[in-house]
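Counted from 1, the sequence shown has number 268 at position 46 by our numbering; the numbering is strictly sequential.
Think of the CB as a built atom: it goes at the ideal place given N, C-alpha and C, for glycine as much as any other residue.
Below is one structure, written out as structure tokens; the observations come after it.
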Amino acid sequence: MDYLAISTTEASIEFLKKGGIFVYPLILCSIAGLTAIGFKIMSLTRARTVPDTLAAKLENIDSSEDSASVVRELKLGQSALARLGSTALKHRGKPATEISQAVEATAREEVVKMHTGIGVLDVVITVAPLLGLLGTASGLVVIFQGLGETTDHLAIARGIAEALNTTIFGLAIAVPCVIAHSYFTRRIELLTSRMEAVMTDFVSACSRITPDSH
């Protein structure tokens, strides 16, 4: 197993060496993509966005016997839903339209926060394949310039294969980022819809609460 691991590592290093100078920006792209994916996985958890327990409490706020604990949780603002609820709570007693407008302003900020990191994935998805193609194109130029100096077709074929390394590397970086981008975008849409549904009920409840109720 150790020998296999060493051989795989050596093969990977050799693969990258053959890619030329364009491998270095591709490595940076891969690091940026992995960092963005890791950040989004942590930032789009239920606990940070729409905790199920808090959502259930807000949907049943009228029948809740412990509304004081709900208010404390909202004021802590440890999730996007809590911050929206806190905004609605600050405007309690006002007409539902006014509360909705205040909540929508806060919601826009929260949605922007949810999209943080998505732009990095967009850049990596676009740039990585282009860098790969650029590396391949530059490698092929060097190979074709030397066609008149050799008749070794096997060496030419190996050179072309090596020139394609950067294209493979670029696509290998872009494909996981495309999948992650699609997943995170869909998740943000679902979380946003869930927040909207919960806050619709809570805004109605807040419009019926007098400012000195809590």
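Are three or more beta carbon pairs between the stretch 331-350 and the stretch 401-410 nearer than 8 Å? yes
What does the Cβ neighbour count give for Val342, buried or exposed, with the cut at 16 atoms within 10 Å? buried
Within 10 angstroms of its Cβ, does Phe261 collect 16 or more other Cβ (buried), or is it exposed? exposed
Helix, strand or coil, according to DSSP, for Phe424 in the structure here? helix
If we ignore side chains and look at the alpha-carbon of each, how far apart do Val293 and Ser265 end up? 23 Å
My understanding is that Val420 touches Glu281, with C-beta atoms under 8 Å, so please give their C-beta distance in whole angstroms. 6 Å
Quick check: the Cα distance between Ala304 and Cys428, rounded to an integer number of angstroms? 14 Å
Taking Cβ positions, are Leu356 and Phe244 nearer each other than 8 Å? yes
Taking 8 Å as the cut-off, does the stretch 384-402 touch the stretch 245-259 (at least 3 CB pairs, one atom from each stretch)? yes
Roughly how many angstroms separate the alpha carbons of Leu256 and Gly361, rounded to a whole number? 27 Å
Please classify Pro247: does DSSP put it in a helix, a strand, or coil? helix
Leaving out the 5 sequence neighbours to the left and right, which residues in its chain are closer than 8 Å to Gly299 when beta-carbon positions are compared? Arg305 and Ser308
So, with DSSP's three-state summary, where would you put Thr389? helix
Which value, in whole angstroms, describes the spacing of the CA atoms of Ile382 and Ile263? 39 Å
When you compare only the Cα positions, how much space is there between Val345 and Ala254? 10 Å
For Thr348 and Asn387, what's the separation of their Cα atoms in angstroms? 18 Å
Helix or strand or just coil, what does DSSP make of Val272? coil
How would you call Phe366, buried or exposed, if buried means at least 16 neighbouring beta carbons within 10 angstroms? exposed
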